[in-house]
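Residue numbers (my numbering), protein chains in the order written: chain F, 1 to 441; chain V, 1001 to 1441; chain A, 2001 to 2441.
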């Protein structure tokens, strides 16, 4: 299987537009960690890939946590003394602090002020705030909006419910030849924020679609979960099976114009860490490898010490490091079709490494085999060998049953795809054979 | 125990003045590797801390060495033809080559010249010279002094004794909960030289005073020994017990205006090496970590291959690298109160690491525990966690029974004290428990 | 044995001239991978060192290869319509593509053109081309020569034979105290090319001569082989004994004005790799250490995975990286007497390390022994120890039976020769003893 090669046959611009369109379809929905917003989102993902939805009742203990009440919202506003909606949920779902308890009251501005959140440095942007685990309410608005408020009594209304219900997440499982799994996880709980994380949802959905129906080495499990509590719930409900996860990626903030960042798993040298670093080194956009840290997205949970799964996190701009993060400026213009397509491409390249990374044995290990007579070498002596021949020589030299193709790619500095091609060609020529990999199944 | 925190409650300037005053009190004494100078020095240290003095007779074999004769001196001079003392021991004890045999003679200048030592590049400074292990005599003087000598007969007198006697060193032992020891060693044999090593004596004395009476994890052994032969004698007489030394520091040249230098133990990666490097990285003055080498101070003996103890050497300017080294310019003005206090502070910070460095186990290792409900997390989501929360997350993530707090501090880049605070807070909240450390006792 | 010390007593300029003269004697011979050219070359080497010649018949399988037909050539030319030899083998043996099949014909220029090879960027140089493993013929000439050819019928003649015969290589074996071997290998198949590889042949020959008759720790095996097929034939015929090779060097392109390059063995951290890197670091010419790669010279075969021998490659300019490579400009002016002598010197220094690298045990491991009483230390205290004393202290400190002298030289940054001298002096003084090295024999 050569995912990248096949993907590169398609039109990247068209794929990018499709990805962006899917993000745009999901954008208006008011998601939260529970409720109908995430249900609708999962339903739209389920239109594209086989998705199973799981619901966990409020109050269910999941490790150290308890599934919270379910939150839903219909409308919210602040009305000025004259009756005009000066802050309006229908304009942007960011205007309501996510998980706000219901309220309906008329209050002087001075009493409302402590519940208003703005970003003075970016006076036109609306911040994104949440109050998941303590009951509270509030509004978010642009700083200019707030400055324009005159003293007086305002009618505030949040038409929400916070009641016993369910926590919802979605799983797409694609069976491969082995029951060992590759996990792709992304959080699906943020409302109208595009990079964080409609970008991840869109890329993961398209990736699952792209893998679907193929003959795969690994089984693939795509998780669309509310951040933190969703990953925790999944791990609590799949504790025994988590050991099957051989490699994993959290996808987030993957559609903006920035270069790539890959944050390593807690292990720091897992195959996924090496595969991602290798792929990023050999593609054209700028990229940086970050050490593991115990904050960020759901890799926090997958990499908690009791699990210590080999799960890294692929991003473009790093959460918290760009000003648009968690504001209304993380909108559909902030994510770009070509960047979304590029992210899908990098994911495919990483999976190509995982799918094809094997150890081989040189069947002619004493001295070099005579490549020339097999038309595997240049015909006239004296030239520096090109990349192809070089890849063949590296594969032959290091295929002692101990080095994987990724080891060889790393040591030689040659892209994995060229190493993999060389290995397959050498197999066809009877010079190489796969070493059965017991552990990988 | 948080030594540094407590020390920082005191007035650093006042501590510095006190340290400098103690060095000033010790400065005039003519010390050597044996004799009454070191005895008086130890007595003055013994006024401040519980000090036991040990005396080893001349001729006693200590490993490959033999305890030398004891040297004492009352007076010495060179008198010009007119009778004037042109070189006078009463002006500076550096004027006599240390360990000079007695002499009284009148000699032409030409015969004295080969026994006169000066520093032409620093014509006002008196050099410091010794003749410990071969019987000899000589004078040290400033180059300008020597240039001023006119031809003629000079009376030279060294009123010294070099006779069977004893080698003296002092030990201060502070018992802790464990019989495992931390060794603090400094040489006490140099005459009127301030940085080398009244600085070390003063800081070590104050450190012992500061630790005295506390509930300590480790036992502490402070050694005030004549350089080389003293450390060798101690090791020869404590060969079996040397194995108890789990960590050690040689303190020398620790009062000048230079930045810190820590020279690693022979092991290169001992806990003391890592603790010192960590502390120096997280304090404000410049610092440099030096690889081990088998020359320098008494770490040479502690790190000899038969012992290979984890003992490093903490300095400010490195011996031999500053022009004042081993000259009369290494005087009381060359050492600074604030620098002495700063060195004491760094020692306390290093001991804090040693005292508190333990391995912990996360009692809730599957996914993150819910810090918010315990008021251990920020209350409103969406902000990058500050140092405190970050420290808690790191401690939880890496407390798998294998990582020590120092491991966690190193990997996270967070100061040990913040990591240690986090660990203690998490213990109080039932999220963490100490892993019993069999080896450390 | 101190090879370098002894070599340095001789006149480097005279040695260089001798080396260059030997290369000049070998230069005119038209060598190839088989035939009388290499036979004559080996005979001339055999005039200087004890050389045994081995011949393997055409058709003999050697691992994946088959010994090819033997090639010989008497004359070759292209005659212009007027009868003038415009391309003439007697002017340069590079004019004929090496291994060209016999031909005699008169052909229009247009039919000859595809068989003419030139270097347009260097219009005065003749390229070097070969056609070893597919039957073909062709001519090499300068680009200017080719431009001067006018249309017309040309007589082409290659008076060669390509027939069943033998493959020839030479071995010089110098027995040492151990049957463990050091391999020195160089390819002897190139015609009139000086750096590649008359430089290697000359240096290897002189090195063998220099070692001959000495009391050696290791046995030495010098191989003068046709590139690739020769090394493969030797390995096929010495498969069992190859395991005796403890260290090895391929010598090539070792006479030009460039700095040194050492390419590591496949193992990457073999003793030869460390010895070569150490020696190059401590000599005066520029040098660079290159990672192993599976292309280059016969280290390809020695480092194939079935053998994985610790064989590196010592060069000056790297093959393929200088424009003169494989052209007529790689002539006797391109190699320099002083550079040839310098290469011999580096080889001797590397062998010095291998011959003398042992582990020692400190017989006085508890504290430092008293060097002063043995006149092994400076007599007046207080000075920074010089290199000699420093070397003694390092050897004493690290001679715990685990560190070899090369380990000590690497860690201390002191040249191996000074470390080795110190070890021998300390042995003479009863402070050190060799640790028997079972593995090294």
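Even glycine gets a Cβ: it sits at the ideal position worked out from N, Cα and C.
Subject >> Proximity winner among F:118, F:102, F:69, F:297, relative to residue 187 (chain F) (alpha-carbon distances) >> reply: Indexing the first chain from 1 puts residue 187 (chain F) at position 187. Measuring C-alpha to C-alpha distances from residue 187 (chain F) to each of F:118, F:102, F:69, F:297 identifies F:297 as the nearest.
Original post:
Just curious, the beta strand (DSSP E) that residue 95 (chain F) is in, first and last residue?
Top reply: Against the first chain, residue 95 (chain F) aligns to sequence position 95. Taken as a continuous stretch (DSSP letters only), residue 95 (chain F) belongs to no beta strand (DSSP E), as it is neither H nor E.
Original post:
Three or more beta-carbon pairs under 8 Å between the region 420 to 439 of chain F and the region 1008 to 1021 of chain V, yes or no?
Top reply: no
**OP:** Using a Cβ cut-off of 9 Å (strictly closer), state whether residue 232 (chain F) contacts chain V.
**Re:** The sequence position of residue 232 (chain F) within the first chain is 232, counting from 1. Interface residue, yes.
Subject >> Whole-angstrom C-beta distance between residue 2171 (chain A) and residue 2054 (chain A), which should lie under 8 Å >> reply: Here residue 2054 (chain A) is taken as the residue at index 54 of the third chain, counted from 1. Here residue 2171 (chain A) is taken as the residue at index 171 of the third chain, counted from 1. Yes, they are in contact, since the Cβ atoms of residue 2054 (chain A) and residue 2171 (chain A) sit about 7 Å apart, within 8 Å.
Original post:
Enumerated in chain order, which unbroken segments of the alpha helix (DSSP H) with a length of 4 residues or greater are wholly contained in the region 2186 to 2215 of chain A?
Top reply: 2199 to 2211
Original post:
Does the region 1278 to 1286 of chain V touch the region 1220 to 1234 of chain V, meaning 3 or more C-beta pairs lie closer than 8 Å?
Top reply: Cβ pair count under 8 Å is below three, so no.
Original post:
Going by the C-beta, is residue 1169 (chain V) closer than 8 Å to any heavy atom of the ligand ZN?
Top reply: This structure does not include the ligand ZN; it has no bound ligands of any sort.
Original post:
Checking contacts by CB at 9 Å: is residue 228 (chain F) closer than that to chain V?
Top reply: Residue mapping note: residue 228 (chain F) aligns to position 228 of the first chain, counting from 1. By this cut-off, residue 228 (chain F) is an interface position.
Original post:
Are residue 2294 (chain A) and residue 2266 (chain A) closer than 9 Å when you measure CB to CB?
Top reply: Residue 2294 (chain A) sits at position 294 when you count from the first residue of the third chain. Residue 2266 (chain A) sits at position 266 when you count from the first residue of the third chain. Their beta carbons are under 9 Å apart, which means residue 2294 (chain A) touches residue 2266 (chain A) by this criterion.
**OP:** Determine the burial state of residue 1191 (chain V): buried for a count of at least 16 other Cβ atoms within 10 Å of its Cβ, exposed for fewer.
**Re:** Looking up residue 1191 (chain V) in the second chain gives position 191. Per the 10 Å Cβ criterion, buried.
Subject >> Positions along the region 58 to 75 of chain F whose CB lies within less than 9 Å of some CB in chain V >> reply: 62, 63, 64, 65, 66
Subject >> Chain-ordered neighbours of residue 2393 (chain A) on chain V, where CB pairs are closer than 7 Å >> reply: Indexing the third chain from 1 puts residue 2393 (chain A) at position 393. Ordered by position in chain V, the residues that pass the 7 Å Cβ test against residue 2393 (chain A) are 1294, 1295.
Subject >> contact_flag[the region 24 to 33 of chain F, the region 362 to 373 of chain F] where n(CB pairs < 8 Å) is 3 or more >> reply: no
**OP:** Since I believe residue 414 (chain F) is in contact with residue 433 (chain F) (beta carbons under 8 Å), could you give me their beta-carbon distance rounded to a whole number of angstroms?
**Re:** If you number the first chain from 1, residue 433 (chain F) lands on position 433. If you number the first chain from 1, residue 414 (chain F) lands on position 414. Not confirmed; about 21 Å, so no contact.
Subject >> Candidates A:2340, A:2095, A:2178, A:2312: closest to residue 2276 (chain A) by CA position >> reply: Here the question's residue 2276 (chain A) lines up with position 276 in the third chain. Of the candidates A:2340, A:2095, A:2178, A:2312, A:2312 places its Cα closest to the Cα of residue 2276 (chain A).
Subject >> Segment limits, beta strand (DSSP E) that includes residue 1053 (chain V) >> reply: The residue you call residue 1053 (chain V) lines up with position 53 of the second chain. For residue 1053 (chain V), the enclosing beta strand (DSSP E) covers residues 1052 to 1057.
Subject >> Collapsed DSSP secondary structure at residue 128 (chain F) in the structure displayed >> reply: Start at 1 with the first residue of the first chain, and residue 128 (chain F) comes out as number 128. Of the three classes helix, strand and coil, the one that applies to residue 128 (chain F) here is coil, per DSSP.
Original post:
Just the Cα atoms here: how many angstroms apart are residue 2388 (chain A) and residue 2401 (chain A)?
Top reply: Residue numbering aside, residue 2388 (chain A) sits at position 388 when the third chain is read from its first letter. Residue numbering aside, residue 2401 (chain A) sits at position 401 when the third chain is read from its first letter. Each residue's Cα considered, the two are about 21 Å apart.
**OP:** Counting only the same chain and skipping the five closest in sequence on each side, list residues whose C-beta sits under 7 Å from that of residue 2470 (chain A).
**Re:** Outside the shown range of chain A (2001 to 2441) lies residue 2470 (chain A), about which nothing can therefore be said.
Subject >> Residue from A:2156, A:2060, A:2307 with nearest C-alpha to residue 2089 (chain A) >> reply: On the third chain, residue 2089 (chain A) is found 89 positions in, with the first residue counted as 1. Among A:2156, A:2060, A:2307, the Cα nearest to that of residue 2089 (chain A) is on A:2156.
Original post:
By Cβ distance below 6 Å, which residues in the same chain neighbour residue 2375 (chain A) in space, the five residues on each side in sequence not counted?
Top reply: By one-based count along the third chain, residue 2375 (chain A) stands at place 375. Cβ within range, chain order: n/a, list empty.
Original post:
Exposed or buried, residue 226 (chain F), counting other C-beta atoms within 10 Å across all chains shown (16 or more means buried)?
Top reply: The residue labelled residue 226 (chain F) in the question sits at position 226 within the first chain. Around the Cβ of residue 226 (chain F), a 10 Å sphere holds 16 or more other Cβ atoms; the residue is buried.
Original post:
Are residue 399 (chain F) and residue 360 (chain F) touching if we call contact CB-CB under 9 Å?
Top reply: Here residue 399 (chain F) is taken as the residue at index 399 of the first chain, counted from 1. Here residue 360 (chain F) is taken as the residue at index 360 of the first chain, counted from 1. Yes, the Cβ-Cβ distance between residue 399 (chain F) and residue 360 (chain F) is below 9 Å.
**OP:** Tell me, please, whether the CB atom of residue 2388 (chain A) is closer than 9 Å to any CB atom in chain V?
**Re:** As a first step, residue 2388 (chain A) must be located in the third chain, where it is residue number 388. No, no contact with chain V.
Original post:
Quick one: is residue 5 (chain F) near chain V, going by C-beta distance under 9 Å?
Top reply: Translated into the one-based positions of the first chain, residue 5 (chain F) becomes position 5. With 9 Å as the cut-off, residue 5 (chain F) does not count as an interface residue toward chain V.
**OP:** Using three-state DSSP, classify residue 65 (chain F) as helix, strand or coil.
**Re:** Position 65 of the first chain holds residue 65 (chain F). Residue 65 (chain F) sits in a strand when the DSSP states are folded into three classes.
**OP:** State yes or no: is the beta carbon of residue 1304 (chain V) nearer than 9 Å to at least one beta carbon in chain A?
**Re:** Counting from one through the second chain, the residue named residue 1304 (chain V) turns up at place 304. Answer yes: the Cβ-Cβ gap between residue 1304 (chain V) and chain A drops below 9 Å somewhere.
Subject >> C-beta contact flag for residue 2167 (chain A) and residue 2073 (chain A) at 9 Å >> reply: Here the question's residue 2167 (chain A) lines up with position 167 in the third chain. Here the question's residue 2073 (chain A) lines up with position 73 in the third chain. No, the pair does not count as a contact, with Cβ atoms beyond the cut-off.
Original post:
Would you call the region 2056 to 2063 of chain A and the region 2249 to 2269 of chain A in contact, with 3 or more CB pairs under 8 Å?
Top reply: no
**OP:** Take residue 1380 (chain V) and list the residues in its own chain whose beta-carbon comes closer than 6 Å to its own, dropping the five residues that flank it on each side.
**Re:** Here residue 1380 (chain V) refers to the residue found at position 380 of the second chain. Low per-residue confidence applies at residue 1380 (chain V): pLDDT is 38, beneath 50, and the placement is therefore not dependable, though the value from the model is reported in the following sentence. There are no such residues.
Original post:
Taking 9 Å as the CB-CB limit, is residue 1089 (chain V) close to chain A?
Top reply: Looking up residue 1089 (chain V) in the second chain gives position 89. Chain A, which has no Cβ nearer than 9 Å to the Cβ of residue 1089 (chain V), makes this no.
Original post:
So residue 1135 (chain V) and residue 1101 (chain V) are in contact, right, with Cβ under 8 Å, and what is the actual spacing, rounded?
Top reply: To locate residue 1135 (chain V), count along the second chain from 1; it is residue 135. To locate residue 1101 (chain V), count along the second chain from 1; it is residue 101. Sure, about 5 Å apart at Cβ, within 8 Å.
Subject >> Contact check, residue 2079 (chain A) vs residue 2173 (chain A), beta carbons under 9 Å >> reply: Counting from one through the third chain, the residue named residue 2079 (chain A) turns up at place 79. Counting from one through the third chain, the residue named residue 2173 (chain A) turns up at place 173. No, the pair does not count as a contact, with Cβ atoms beyond the cut-off.
Original post:
Hey, residue 1158 (chain V) and residue 1023 (chain V): beta-carbon distance below 9 Å or not?
Top reply: What you label residue 1158 (chain V) is simply residue 158 of the second chain in a count that begins at 1. What you label residue 1023 (chain V) is simply residue 23 of the second chain in a count that begins at 1. Contact: no.
Subject >> Best match in A:2251, A:2250, A:2116, A:2435 for proximity to residue 2129 (chain A) [C-alpha to C-alpha] >> reply: One-based indexing of the third chain puts residue 2129 (chain A) at position 129. Comparing Cα positions, the closest option is A:2116.
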